[in-house]
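Below is one structure, written out as structure tokens; the observations come after it.
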Amino acid sequence: MISRGNRGNALEALVAGLRGTPTDRADWQAVIALANRTLLTPDLFSSLARAGQIHQLPEDVREYLRFVHDCNRERNLRLRTQLGEAVAALNRSDISPLLLKGPFPCSFRRPAWSPAG
Numbered sequence: 089m090i091s092r093g094n095r096g097n098a099l100e101a102l103v104a105g106l107r108g109t110p111t112d113r114a115d116w117q118a119v120i121a122l123a124n125r126t127l128l129t130p131d132l133f134s135s136l137a138r139a140g141q142i143h144q145l146p147e148d149v150r151e152y153l154r155f156v157h158d159c160n161r162e163r164n165l166r167l168r169t170q171l172g173e174a175v176a177a178l179n180r181s182d183i184s185p186l187l188l189k190g191p192f193p194c195s196f197r198r199p200a201w202s203p204a205g
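Read in our numbering, the sequence shown has 201 at position 113, and its numbers run on one by one without any break.
So this is what it looks like as structure tokens:
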């Protein structure tokens, strides 16, 4: 369990990472635990990579963040494909679905950044 003091430090480090500016003295185990609980782990990787700061992280942290990001990307691509198939099936039956909050952003917006290699 993360102590109250570490939780505050983890939150500060997570926010800094999401802004693309990793802190020097982060407890990365606590930061990753918080990012995982709040479903921000893929975003943390993307933010740091976009800012060119991903190399500042310890190698094991960087590899874990990349792994979670890549798994999330693959999942989103599968969901986008499934949504397209469902919409096409509905359209063949003359049904025009109205896509609401959840599927709309991930379906019609291309990611501005995707990791290289």
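Glycine included, each C-beta is placed from N, C-alpha and C at the ideal position. From a predicted model like this one, the values you see are computed outputs, not experimental measurements.
Rounded straight-line distance, which links the Cα of residue j to that of residue i
| i | j | result |
| --- | --- | --- |
| residue 139 | residue 116 | 18 Å |
| residue 172 | residue 185 | 11 Å |
| residue 166 | residue 98 | 32 Å |
| residue 90 | residue 125 | Because the pLDDT at residue 90 is just 45, under 50, the model does not fix this residue reliably, and the value given afterwards should be weighed accordingly. Roughly 12 Å between the two C-alpha positions. |
| residue 158 | residue 149 | 14 Å |
| residue 152 | residue 143 | 13 Å |
| residue 114 | residue 156 | 19 Å |
| residue 147 | residue 180 | 49 Å |
| residue 187 | residue 96 | 38 Å |
| residue 130 | residue 118 | 16 Å |
| residue 154 | residue 177 | 35 Å |
| residue 183 | residue 123 | 39 Å |
| residue 164 | residue 170 | 10 Å |
| residue 162 | residue 175 | 20 Å |
Cβ separation of residue i and residue j, assumed to be a contact under 8 Å, to the nearest whole Å
| i | j | result |
| --- | --- | --- |
| residue 206 | residue 111 | A query on residue 206 cannot be resolved here, the shown segment of the chain reaching from 89 to 205 and no further. |
| residue 105 | residue 127 | The Cβ separation is near 14 Å, so there is no contact. |
Proximity to residue i [Cα-Cα], best of the options
| i | options | result |
| --- | --- | --- |
| residue 107 | 185, 126, 188 and 133 | 133 |
| residue 141 | 169, 109, 183 and 103 | 109 |
Any chance you could list the alpha helix (DSSP H) runs of at least 4 consecutive residues sitting entirely within the segment 105 to 161, in chain order?
116 to 125 and 129 to 138
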